[in-house]
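The opening residue of the sequence shown carries number 4 in this note's numbering; numbering runs sequentially from there.
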Amino acid sequence: MQRNNANITKKIVIMGLDNSGKSSIVLCLKGVKNLTSFSAIKPTRGFEINKFKILDSDFNIWDFGG
């Protein structure tokens, strides 16, 4: 029996040092092009889960605070 990978939600974990741009990478992956959005980023406390779709594939990005 085959599974269709397009229906499986892919999970991506973003980890790194404080103030290293992890949340900025997530915004870029989500397609944010407004530069004021980047200047308004606050430090992530704990973690945030961002859900989005690219080319019929679902993604969950876990953004962990540094």
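Virtual Cβ for every residue (Gly too), placed ideally from N, Cα, C.
Evaluate serine 60 with the Cβ neighbour count: other Cβ atoms within 10 Å of its Cβ, from every protein chain shown; 16 or more gives buried, anything less gives exposed. exposed
For the beta strand (DSSP E) containing lysine 25, name the first residue and the last one. No beta strand (DSSP E) contains lysine 25, which is instead part of the alpha helix (DSSP H) from 25-32.
How far does the alpha helix (DSSP H) with leucine 38 in it extend, from its first residue to its last? 38-42
Please report how far the alpha carbon of valine 35 lies from the alpha carbon of isoleucine 28, in whole angstroms. 10 Å
Please report the straight-line C-alpha distance between alanine 2 and aspartate 66, rounded to a whole angstrom. With the chain covering only 4 through 69, there is no way to say anything about residue 2.
Using the C-alpha atoms, what's the distance from isoleucine 57 back to isoleucine 15? 13 Å
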